[in-house]
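Colleague:
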Amino acid sequence: MTFILGLTGSIGMGKSTTAQMFRDLGVPVWDADASVHKLYGPSGEAVAPLSNIVPEATESGAVDRSVLRRLIAGKPSLLGKIETIVHPLVAADRAAFRVEHDTAPLIVFDIPLLFETGGDAACDATLVVSTDPEEQRRRVLERGTDPKAFQDLLARQMPDAEKRARATYVILTDTLDGTRKAVADLVSRLTKGTE
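With this note's numbering applied, the sequence shown covers 45 to 239.
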């Protein structure tokens, strides 16, 4: 039976790096952001339905995410309508991935808003990656993110302390070597049935 591990963490906590460490160990990882990117891309399944409610955000058979963000910022009520379209498509993509990898002992669902969207209900356990607030801020600003944009993103996400409290597992991502070892240990435990 396949064990489903939900992976999440706030911006700058090392979630993408940790997801890659799972991949490097041969664990199939479904990426929610990549799924949305595909749905919004040329001829993606979300393009036509979104063009009905936000035609100005679709161009050349794709959704322009920057235009979509600007429209949502100007009219927050749009977000609910967009989610009504996109969330079922994302769930279907995730279900197809699970079927495709049904013989794997472990699958990771990489979902940035895992708890916020109730995605943890589809998982056998959850993993939160975390670091201290100063390191988080340094990482995010080092990427070129505007400090105000960083604060806005944090405001929309569940606080790190709450995520940690809800998680089955927590991995601190302070160092690459420490994170890599913690991921390998967790994969070993989950795939050997010792949990």
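Where a beta carbon is used, it is the ideal one built from N, C-alpha and C, also for glycine. Since we're looking at a predicted model, the values are computed, not measured.
Are the beta-carbon atoms of L252 and V71 separated by less than 7 Å?
Modeller: In the structure displayed, the chain extends from 45 to 239; residue 252 sits before or after that span and is not available.
Colleague: Check whether the region 155–167 touches the region 217–229, counting contact only when three or more Cβ pairs, one atom from each stretch, lie closer than 8 Å.
Modeller: Because the criterion of three Cβ pairs below 8 Å is not met, the region 155–167 and the region 217–229 do not touch.
Colleague: Would you mind reading off the limits of the beta strand (DSSP E) that contains S174?
Modeller: Segment 169–174, the beta strand (DSSP E) holding S174.
Colleague: What are the uninterrupted segments assigned as beta strand (DSSP E) that are 3 or more residues long and contained completely in the region 104–175, given in chain order?
Modeller: The region 104–175 contains these whole beta strand (DSSP E) runs: 150–154, 169–174.
Colleague: Assuming V130 and A76 make a contact with CB atoms under 8 Å, what is their CB distance in whole Å?
Modeller: V130 to A76, Cβ: 11 Å. No contact.
Colleague: Note down, in chain order, each residue of its chain lying with its Cβ closer than 6 Å to the Cβ of S232, except the 5 sequence neighbours on either side.
Modeller: Once the five neighbours on either side are set aside, S232 has no close Cβ partner at all.
Colleague: For the ligand GTP, any of its heavy atoms closer than 6 Å to the Cβ of V130?
Modeller: Among the ligands in the structure shown, none appear at all, so the ligand GTP cannot be discussed.
Colleague: Could you name the residues of the same chain whose beta carbon sits closer than 7 Å to that of L158, not counting the 5 residues immediately before and after it, in chain order?
Modeller: Only G50, T52, D164, T170 meet the Cβ criterion.
Colleague: If you draw a straight line from the C-alpha of G58 to the C-alpha of D137, how long is it?
Modeller: Roughly 24 Å separates the two Cα atoms.
Colleague: Could you name the residues of the same chain whose beta carbon sits closer than 8 Å to that of L115, not counting the 5 residues immediately before and after it, in chain order?
Modeller: Excluding sequence neighbours, L115 sits near V98, E100, A101, L122.
Colleague: Count the other CB atoms, across all protein chains shown, that sit within 10 Å of the CB of S174; report buried if there are 16 or more and exposed otherwise.
Modeller: Per the 10 Å Cβ criterion, buried.
Colleague: Taking only three categories from DSSP, how would you classify V214?
Modeller: It is a strand residue.
Colleague: Tell me which residue opens and which closes the beta strand (DSSP E) that L49 is part of.
Modeller: Per DSSP, L49 belongs to the beta strand (DSSP E) from 47–52.
Colleague: In whole angstroms, give me the CA-to-CA distance for K125 and G56.
Modeller: Answer to the nearest angstrom: the Cα atoms are 28 Å apart.
Colleague: In the DSSP assignment, what are the bridge partners of V73?
Modeller: Answer is V152.
Colleague: What's the gap between the Cα of S54 and the Cα of S79?
Modeller: Those two C-alpha atoms are separated by around 19 Å.
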